[in-house]
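Here's the structure, in structure tokens; my notes come after.
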Amino acid sequence: MKKVRKFIFVVGGVISGVGKGVTCASLGAIYKAKGLKVTALKIDPYINVDAGTMNPVEHGEVFVTDDGDETDQDMGNYERFLDTSLLSGNYMTTGRVYLTVIENERSMKYKGRCVQVVPHIPEEIIGRIKRAAEAQDADVTIIEIGGTVGEYENILFLEAARIMKLQDPGSVAFILVSYMPIPSHLGEMKTKPTQHASRALNSAGINADFIVARGKDVLDKPRLEKLAIFCNIPAERCISAPDVSSIYELPLLLEKADLANKLLKVLGLKPRKTDMTPWISLNKKIVQTTKEVKIAVVGKYFGTGDYTLSDSYISVIESIKHAAWFNNVKPVLEWIDSEEFEKKPASVKLLAKFDGILVPGGFGTRGVEGIMNAIKFARENNKPYLGLCYGMQLASIEFARNVLNKKNAHTVEVNATTIDPIIHINPKQLENVRHNRYGGTMRLGAYDCVLKKGSKTQKAYGEDKISERHRHRYEFNNDYRKMIEEAGLEVVGVNPESDLVEIVELKNHPFFVGTQFHPEFKSRPMRPQPLFREFVKAAISSK
Ligand code: GLN
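Letter by letter, the sequence shown follows residues 88 to 630 of the working numbering.
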């Protein structure tokens, strides 16, 4: 018998950034806790084929999947909340959909028919949604449509959703996650913008089955009833979702409102018991930990205000939090613009007040010398250090400059003609850059890495062979490997097929590790990534 699959579309009302992603992730976590197989899809209405070509300061972090797709940061939330690995098929953009349709047209897949926006674009979207559900064998598939209702950009995705509902009404449900403002001069919550959003959705042929009412406060009874009447939704299906202090509280809040079971009922399924114990324990830890661990995150991009910043590095931030809670401490993060250390090298001393220093991934020239000053400080002062991707490359360069005395050592990304290219580029990548082939051409996705027995890294993982996700174009130059190792910066992780250096670790230091990969993509709230876990542990001991 063919498996019955259910599809829940989540759309946004009034403003973007209302919390659709975390709502999808939380709902997914609840279904998983109900013993259902669940997967989540993100629809990004941009023309970009993937998020790899989008500026992270504008669009947020580029989240990389095991199979090497460069996707939206919401995919990271899904992975963290569902404790699963998603694939490229779980992500789509307008550009990706059109590209397929146009390629299909070029290869006569439409057998000479006129290819049209409708039905061919929605057909392709529906095909992608169904294939993703099948690939993950999901009972429940949650699909987040980016943007807000009423925009031009996501109209064809709504059209696809409407058609799916029409074709199989019992298998498709809609949630409108909408914002309820409280204008300061009125001091009361207003439902009118959401009523308009609901109408906009109606004009796309869709009536929401549920409203998740986001806002600063709880949606009170009179407003809830108003919303129900005007949005044509039974009152018990209007769910109040006030601001929470931690995103990990949302699964508990939605479960308390019984959203998941009410949805199952709408989808013709029986309610199911939920075991939320791990989420309850996690939340207890989050509120109960008081002893602080102070981590300095040093890099560029940091001059753009906290809001965009935290979105650009969300997986790194979440990984530090997971590791801190696991180690029973409260994470305190401070962002430090490395250009400060460039302008005033002596100011690097301010890092002394931190328990650990982390350098995340990055690209380009800006702030690089300042980052290396910070790394030097960590190396010389026994400060726990974790370098991710660029953070590993720059740690290797700093070591070559200041320990091996190769003062001109650099990465060819910054200085193409350096006499000591500690970080270089392989010919294939050079061709890509020369021909402006930037989209999806980096070394992307999961690669194996064999660990050196007895190293701190190997002990942290408790395994000899690991697999981690990558996103970089440049790499450690093996011509310098022997020299660097002999001087004390050991290569403790190597890709078995290509012999590429994946991890360096400093001898005689409490914790100094640099990874060519991005360990932050695989950390989970209840299962911190091993290197983050040990880094935070070392930071606590260094106090
Ligand atoms: N810019 C470096 C490279 O392309 C590092 C990339 C990163 O940190 N993600 O190799």
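Glycine included, C-beta positions come from ideal geometry on N, C-alpha and C.
Closest residue to residue i among the options (Cα-Cα distance)
i	options	result
PRO206	SER194, TYR185 and ALA225	TYR185
GLN223	ASP296, VAL105, ASP137 and SER175	SER175
LYS313	LYS352, VAL227 and LYS279	LYS279
ASN564	PRO612, LYS630 and ALA487	ALA487
HIS596	LEU576, ILE512, HIS497 and ILE401	LEU576
GLN480	ARG530, VAL591, ILE407 and LYS378	VAL591
ASP330	PHE441, GLY449, LYS107 and GLY233	LYS107
MET613	THR364, LEU437 and ALA625	THR364
LYS381	PRO418, PRO471 and PRO432	PRO418
LYS515	TYR548, THR505 and TYR561	TYR561
LEU123	ASP156, ALA220, THR158 and ARG183	ALA220
LEU517	ILE509, MET529 and ILE506	MET529
LYS494	GLU500, GLY214 and GLU485	GLU485
ASN289	ASN415, ILE242, LEU437 and LYS430	ILE242
THR152	GLU145, HIS146, ASP161 and VAL144	ASP161
VAL101	THR281, LYS408, ALA225 and LEU420	THR281
LEU593	GLN616, LYS470 and ASN513	LYS470
ASP170	ALA625, ALA626, PRO615 and LYS624	PRO615
VAL125	PHE168, ILE367 and LYS624	PHE168
ASP304	ILE462, ILE367, PRO270 and HIS497	PRO270
ALA120	ASP362, SER332, ASP154 and CYS536	ASP362
ASN489	ASP442, LYS308, LYS463 and VAL98	LYS463
ASN414	PRO432, VAL109, ALA626 and SER332	ALA626
CB contact flag (residue i, residue j, <8 Å)
i	j	result
PHE599	ALA410	no
ILE571	SER628	no
GLU405	SER172	no
ILE444	ALA503	no
SER554	TYR534	yes
VAL299	ALA328	yes
PHE150	SER402	yes
LEU346	PHE297	yes
VAL128	ASN177	A quick correction: the sequence has Leu, not Val, at residue 128. Yes; because the gap between Cβ atoms is below 8 Å, this pair is in contact.
GLU148	SER434	no
MET267	LEU306	yes
PHE604	HIS557	yes
LEU245	ALA295	no
SER265	ALA291	no
VAL416	GLU456	no
GLU157	LEU531	yes
PHE428	ASN468	no
Buried or exposed (CB count within 10 angstroms, at least 16 for buried), residue i
i	result
CYS318	buried
THR452	exposed
PRO606	buried
TYR394	Legend: pLDDT at TYR394 = 49, less than 50; position of this residue unreliable, no value from coordinates given.
THR181	buried
ALA322	exposed
GLY104	exposed
ILE458	buried
ARG218	exposed
ILE212	buried
ASP137	buried
PRO447	buried
GLN203	exposed
ALA247	buried
CYS325	buried
ARG200	exposed
ALA551	Contrary to the premise, residue 551 reads as Asp rather than Ala in this sequence. By the 10 Å Cβ count, ASP551 comes out exposed.
LEU273	exposed
SER112	Correcting the residue identity first, residue 112 is Ala in this sequence and not Ser. Classification of ALA112: buried, given that the 10 Å Cβ count is 16 or more.
TYR335	buried
VAL236	buried
MET195	exposed
ARG215	buried
LYS352	exposed
LEU618	buried
THR85	Any property of residue 85 remains undetermined from this structure, which presents the chain solely from 88 to 630.
ASP159	buried
Minimum Cβ-Cβ distance from residue i to chain B less than 8 Å
i	result
ASP535	Annotation note: the requested chain B is absent from the structure, which comprises a single protein chain.
Review point. Counting Cβ pairs closer than 8 Å, one from the segment 256-271 and one from the segment 89-106, do we hit at least three?
Key: yes
- Message: Quick check: the segment 330-347 against the segment 116-136, are at least 3 beta-carbon pairs closer than 8 Å?
- Response: yes
Original post:
When the Cβ atoms of the segment 354-361 are set against those of the segment 124-139, are three or more pairs found closer than 8 Å?
Top reply: no
Check whether the segment 534-545 and the segment 578-588 touch, using three or more Cβ-Cβ pairs below 8 Å as the test.
yes
So, do the segment 504-513 and the segment 469-476 have three or more beta carbon pairs nearer to each other than 8 Å? no
Check: Fully enclosed by the segment 508-590, which alpha helix (DSSP H) runs are 4 residues long or longer?
Finding: 514-521, 543-548 and 568-573
Please specify which runs of the beta strand (DSSP E), each continuous and at least 3 residues long, are wholly inside the segment 113-179, giving them in chain order.
125-131
Which whole runs of the alpha helix (DSSP H) in the segment 194-252 are 4 residues long or more, in chain order? 204-222
Practice problem: Any chance you could list the beta strand (DSSP E) runs of at least 3 consecutive residues sitting entirely within the segment 312-374, in chain order? | Solution: 325-329
Problem set entry | Completely contained alpha helix (DSSP H) runs for the segment 427-492, where each covers 4 or more residues | 455-467 and 477-489
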